[in-house]
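A.B. asks: In the numbering used here, the protein residues as written are 29 to 117.
Note that the Cβ used here is the ideal one computed from N, Cα and C, for glycine as well.
(1) Between the stretch 35-42 and the stretch 54-61, do three or more beta carbon pairs fall short of 8 angstroms?
(2) Could you tell me how far apart the beta carbons of residue 94 and residue 85 are, in whole angstroms, since I believe they sit closer than 8 angstroms?
(3) Got a sec? Which residues, its chain only, sit under 7 angstroms from residue 32 by beta carbon, not counting five neighbours each side?
(4) If you reduce the DSSP assignment to three classes, tell me which class residue 96 lands in.
(5) Between the C-alpha atoms of residue 99 and residue 67, what's the straight-line distance to the nearest angstrom?
(6) Going along the chain, which residues of its own chain have a beta-carbon closer than 8 angstroms to the beta-carbon of residue 83, five neighbours each way excluded?
(7) My guess is that residue 65 and residue 87 are in contact by the Cβ rule of under 8 angstroms, so how many angstroms apart are they, rounded?
(8) Give the range of the alpha helix (DSSP H) segment to which residue 67 is assigned.
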């Protein structure tokens, strides 16, 4: 660094560290989301829903619906769905 001020040097190192952590987190998240999308498309394929474009459209619609819900609402929908399934068996 060009400055000899130790406070500015520490600040620059700290900022750089935070930026690197942020980039690493974003890459990790994207890789996991990409893997999750691939897994979902594979699951649709396994049950016979083989058109990847249609599958991607279903996943995107699902994501859109989830973004409109709170986490609590999404959990309640899940619980209600599986309770209904269990009662019908």
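C.D. replies: The answer reads as follows:
(1) no
(2) Looking up residue 94 in the chain shown gives position 66. Looking up residue 85 in the chain shown gives position 57. That belief does not hold up - the Cβ atoms of residue 94 and residue 85 are roughly 15 angstroms apart, past 8 angstroms.
(3) The residue labelled residue 32 in the question sits at position 4 within the chain shown. Closer than 7 angstroms at Cβ, skipping near neighbours: no residue.
(4) Residue numbering aside, residue 96 sits at position 68 when the chain shown is read from its first letter. Residue state, collapsed to three classes: coil.
(5) As a position in the chain shown, residue 99 is number 71, starting the count at 1. As a position in the chain shown, residue 67 is number 39, starting the count at 1. When rounded, the distance between both Cα atoms is 22 angstroms.
(6) Translated into the one-based positions of the chain shown, residue 83 becomes position 55. Result list for residue 83: 68, 69, 72, 73, 77, in chain order.
(7) Sequence index remark: in the chain shown, residue 65 carries index 37 (1-based). Sequence index remark: in the chain shown, residue 87 carries index 59 (1-based). Sure, about 6 angstroms apart at Cβ, within 8 angstroms.
(8) Residue mapping note: residue 67 aligns to position 39 of the chain shown, counting from 1. Where residue 67 is concerned, the enclosing alpha helix (DSSP H) stretches over 34-74.
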